[in-house]
Amino acid sequence: MQWPRRPGCRFSRRNAGLFALLAVVGLDSGCLPVQPWLRQGDANSAEIGYAGDLQGATRIAGQHCAAYERVARLVRTDLDFAYFDCLPR
Numbered sequence: 236m237q238w239p240r241r242p243g244c245r246f247s248r249r250n251a252g253l254f255a256l257l258a259v260v261g262l263d264s265g266c267l268p269v270q271p272w273l274r275q276g277d278a279n280s281a282e283i284g285y286a287g288d289l290q291g292a293t294r295i296a297g298q299h300c301a302a303y304e305r306v307a308r309l310v311r312t313d314l315d316f317a318y319f320d321c322l323p324r
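In our numbering, the protein residues as written are 236 to 324.
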């Protein structure tokens, strides 16, 4: 069955396919794992956003504290954040 073409309508079958592909990719991107990230920090502390990957959050905190020649120590965790102190070596 062929759809009638209206003047000025440029929504072709190819465009429909591209739209469907973009929709699938867009929906699928929500399923990608979240990487730990530094939310805020200074020479004394680091606040790391994470999604259950405490080992990755510890690695990021260690890198942050190492910039100040300190080591990271986990203080506490919440649902989405891990809090670290940066202690002198």
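C-beta: ideal position from N, C-alpha, C; glycine also.
Report task. Return the Cβ separation of Q270 and G287 in integer angstroms, given the expectation that the two are a contact with Cβ distance under 8 Å. Result -> With 8 Å as the limit, Q270 and G287 do not qualify as a contact, their Cβ atoms being about 12 Å apart.
Check: Can you list, in chain order, the residues of its chain whose CB lies under 6 Å from that of N279, leaving out five sequence neighbours each side?
Finding: C321
Here's the rule I'm using: 16 or more other beta-carbon atoms within 10 Å means buried, otherwise exposed. How should F254 be labelled? exposed
- prompt: If you drop the 5 nearest sequence neighbours on each side, which residues of the same chain put their C-beta closer than 6 Å to that of R274?
  reply: E282 and G284
Subject >> Buried/exposed call for R324, threshold 16 Cβ in 10 Å >> reply: exposed
Just reading off the beta strand (DSSP E) that L314 is part of, what are its end residues? No beta strand (DSSP E) holds L314; DSSP gives it neither H nor E.
Worksheet item: With respect to the beta strand (DSSP E) encompassing G287, which residues constitute its N-terminal and C-terminal limits?
Response: No beta strand (DSSP E) holds G287; DSSP gives it neither H nor E.
*Report the three-state DSSP secondary structure of Q275 (helix, strand or coil).*
strand
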